[in-house]
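Residue 241 in the working numbering sits at position 95 of the sequence shown, with consecutive numbering throughout.
Here a beta-carbon is modelled for each residue, glycine too, at the ideal position from N, C-alpha and C.
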Amino acid sequence: MINSIDKVRRSVGIIGESPPMIEMLSLIGQVANTDITVLVTGPSGCGKEMAAKAIHKNSRRKFESLVVVNCAAIPSGIIESELFGHKKGSFTGAIDDKKGYFEQADKGSIFLDEIGELPKETQAKLLRVIESGEFMRVGESKTNKVDVRIIAATNRDLKKEVEENNFREDLYLRLKTINIKVP
């Protein structure tokens with residue numbers, strides 16, 4: 147087990163010897179080679195993205211892309227187009243077909259940072275991708291399929307967000323299958 151922890155640590159340069167850090171590294175080592183959806187939680191600035199990179203770099207998908215998406219930085223009016231792509235002419239300014247982040251991450255991993263910021267309409271579409279690997283580009287009626295490992299992160303208490311009706315419970319339950327807490 148120490149070998150696994152050291153391998154994870156070296157893969158992204160994580161430092162720290164505290165029991166919570168060792169527990170996090172151990173859990174990353176255990177889940178990295180699966181395709182299970184992972185929720186990474188912790189306060190702002192604690193290194194959630196490093197944990198996501200460690201999961202990806204120690205997975206069977208390590209030679210494919212890790213697409214990093216900051217959900218809080220994308221305006222709600224275009225987030226679906228950014229995540230799922232769009233068809234030419236589907237809205238003003240859509241001058242070409244565009245692949246979204248999920249298509250870019252196909253066969254690899256996608257890191258959805260600040261997942262708690264997603265609009266509820268988009269949460270439903272994300273749930274479908276998690277459950278079936280399927281999505282539709284904006285303005286298209288054809289279903290697309292992707293094989294992508296989803297790693298999400300938040301500094302919010304998603305359970306509380308569910309109770310306050312700000313976050314879908316079914317999506318929360320899908321995301322929290324494995325919860326890695328970054329100390």
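Per-residue burial, D242 [other beta carbons within 10 Å of its own, 16 or more giving buried]: By the 10 Å Cβ count, D242 comes out exposed.
**Cβ distance (whole Å) where D181 is taken to contact R295 below 8 angstroms** = At roughly 5 angstroms, the Cβ-Cβ gap stays under 8 angstroms, so D181 and R295 are in contact.
- request: Compute the minimum distance between the beta carbon of G223 and the heavy atoms of the ligand SAM, and state whether it is under 7 angstroms.
  value: No copy of the ligand SAM occurs in the structure displayed, which carries no ligand at all.
**Request:** From the DSSP output, read off the bridge partner residues of M282.
**Result:** Bridge partners of M282 according to DSSP: T289.
TODO: Can you tell me the Cβ-Cβ gap for T183 and T323, rounded? I've got them flagged as a contact below 8 angstroms.
DONE: Here T183 really is in contact with T323; their C-beta atoms are around 6 angstroms apart, less than 8 angstroms.
Confirm, please, whether the CB-CB distance from D252 to V292 is below 8 angstroms. Contact: yes.
### Query
Rounded to whole angstroms, how far is the Cβ of H202 from the Cβ of S255, which I believe are closer than 8 angstroms?
That belief holds up - the Cβ atoms of H202 and S255 are roughly 4 angstroms apart, short of 8 angstroms.
task = Spatial neighbours of E210 within its chain, please: CB distance less than 7 angstroms, with the 5 preceding and 5 following residues excluded, ordered by chain position.
result = The residues are K253, G254.
- Rounded to whole angstroms, how far is the Cβ of K233 from the Cβ of V284, which I believe are closer than 8 angstroms? With 8 angstroms as the limit, K233 and V284 qualify as a contact, their Cβ atoms being about 7 angstroms apart.
What residue ranges within the segment 199-226 form continuous beta strand (DSSP E) runs of no fewer than 3 residues, ordered along the chain? Here the runs fully enclosed are 212-216.
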